[in-house]
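Numbered per the working numbering, the sequence shown spans residues 281 to 534.
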Amino acid sequence: MIAPDLETGIARLREMVEAARVIVPFTGAGISTECGIPDFRSPGGIWTKNQPILYDDFLASQEMRNEAWRRRFAMEEQFGGAKPGRGHRALASLYRAGKSPGVITQNIDNLHQASGVAPEDVVELHGNSTYAVCLDCAKRYELTWVKEIFTSSGGRAPDCPDCNGYIKSATVSFGQAMPEAAMARAEALTLVGDLFIVVGSSLVVWPAAGFPIRAKRNGAKLAIVNREPTEIDTVADLVIRQDIGTVLAPLIAH
Ligand SMILES: [Zn+2]
281 MIAPDLETGI ARLREMVEAA RVIVPFTGAG ISTECGIPDF RSPGGIWTKN QPILYDDFLA
341 SQEMRNEAWR RRFAMEEQFG GAKPGRGHRA LASLYRAGKS PGVITQNIDN LHQASGVAPE
401 DVVELHGNST YAVCLDCAKR YELTWVKEIF TSSGGRAPDC PDCNGYIKSA TVSFGQAMPE
461 AAMARAEALT LVGDLFIVVG SSLVVWPAAG FPIRAKRNGA KLAIVNREPT EIDTVADLVI
521 RQDIGTVLAP LIAH
């Protein structure tokens with residue numbers, strides 16, 4: 281059912297949460313917009329003005345790698361101080377209460393970890409923008425280190441001191457393969473839940489929609505909290521098209 285109003289939606293969601301044994305949340309950009317992080321893919325979002333750098337282009341030229349890092353540090357100034365919102369805090373409450381074993385997210389903003397979910401329990405389908413990795417040897421680099429070299433070299437993206445590989449933020453770029461380990465963990469998490477909650481994702485970007493459908497086929501209940509209609513509203517047990525923070529705030533344990 282589509283909740284006819286906010287109150288009904290909140291009440292139904294609470295019933296479903298209370299009845300569930302294992303809750304698996306799946307989050308997208310919509311959970312972070314109240315934290316000041318824009319939905320990059322939405323109309324007017326950064327990527328409609330600034331074409332994203334494709335993975336192959338990043339690999340192909342030093343200029344593109346420089347540009348990728350220039351943009352990353354410009355973003356840092358804008359969103360670096362973002363704090364978890366009500367949605368993150370609500371899901372972290374379910375996690376701490378032992379109702380939810382972890383979160384699957386399309387976001388790269390690290391806000392689930394910042395809200396108290398252990399990093400190993402956050403499955404990041406699109407990676408994480410708050411650190412960097414060498415594309416060849418997979419060594420992790422902190423952004424402060426990258427920035428230091430970038431700034432002192434006049435805007436040149438650094439290479440890996442160990443192996444000379446390219447260093448890229450740990451996100452999954454357009455044209456880059458989905459991370460297999462994260463996909464496998466998301467799949468496993470999906471199958472242990474008896475309540476799957478989509479929060480702030482329109483489920484358009486592949487393979488997002490596959491997870492809730494999988495959960496539903498596996499016998500789980502499905503709730504979708506998203507301002508806009510999604511591709512799979514018709515198969516959901518509950519659809520709430522309201523402000524995400526407002527809907528989830530009552531689940532925050534104080
Ligand atoms: Zn390396």
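C-beta atoms are modelled at their ideal positions from N, C-alpha and C, and glycine is treated no differently.
Using only the alpha-carbon positions, how far apart do Phe476 and Leu502 sit? To locate residue 476, count along the sequence shown from 1; it is residue 196. To locate residue 502, count along the sequence shown from 1; it is residue 222. Each residue's Cα considered, the two are about 5 angstroms apart.
For Arg294, which residues in the same chain have their Cβ closer than 8 angstroms to its Cβ, ignoring the five residues on either side in sequence? Taking the sequence shown and counting its residues from 1, the one referred to as residue 294 is at position 14. Cβ within range, chain order: Pro530, Leu531.
Report yes or no: do the region 508-515 and the region 341-358 share at least 3 C-beta pairs separated by less than 8 angstroms? no
State yes or no: is the C-beta of Thr307 within less than 9 angstroms of the C-beta of Gly367? Counting from one through the sequence shown, the residue named residue 307 turns up at place 27. Counting from one through the sequence shown, the residue named residue 367 turns up at place 87. Yes, Cβ-Cβ distance for Thr307 and Gly367 is below 9 angstroms.
For Thr385, report the span of its beta strand (DSSP E) as first-last. Against the sequence shown, residue 385 aligns to sequence position 105. Element bounds for Thr385: 383-385.
In the region 460-487, which residue ranges form an unbroken alpha helix (DSSP H) of at least 4 residues, counting only runs that do not cross its ends? 460-472, all fully within the region 460-487.
The beta strand (DSSP E) with Gly407 in it runs from where to where? Stepping through the sequence shown from its first residue, residue 407 is reached at position 127. 407-414 is the extent of the beta strand (DSSP E) around Gly407.
Below 8 angstroms on the Cβ atoms is my contact criterion, and I expect Val519 with Val479 to pass it. Report the Cβ-Cβ distance as a whole number of Å. To locate residue 519, count along the sequence shown from 1; it is residue 239. To locate residue 479, count along the sequence shown from 1; it is residue 199. Actually they are not in contact, since the Cβ atoms of Val519 and Val479 sit about 12 angstroms apart, beyond 8 angstroms.
Residue from Trp486, Phe430, Ile493, Val472 with nearest C-alpha to Val383: To locate residue 383, count along the sequence shown from 1; it is residue 103. Looking at the Cα atoms, Val472 is the closest of the given residues.
Give me, in chain order, the residues of the same chain whose beta-carbon lies closer than 6 angstroms to that of Ala533; leave out the 5 immediate sequence neighbours on both sides. Locating residue 533 in the sequence shown gives position 253, counting from the first residue. Excluding positions up to five away in sequence, the list reads Ser373.
Bridge partner(s) assigned by DSSP for Ile447: Along the sequence shown, one-based indexing puts residue 447 at 167. Its beta-bridge partners are Cys414.
Where does Glu422 fall in DSSP's three states? As a first step, residue 422 is located in the sequence shown; it is residue number 142 there, counting from the start. Of the three classes helix, strand and coil, the one that applies to Glu422 here is strand, per DSSP.
So, Gly455 versus Tyr335, is the Cβ gap smaller than 9 angstroms? Position 175 of the sequence shown, counted from the first residue, corresponds to residue 455. Position 55 of the sequence shown, counted from the first residue, corresponds to residue 335. Inclusion of Gly455 and Tyr335 in the CB contact set at 9 angstroms is warranted, their separation being smaller than that value.
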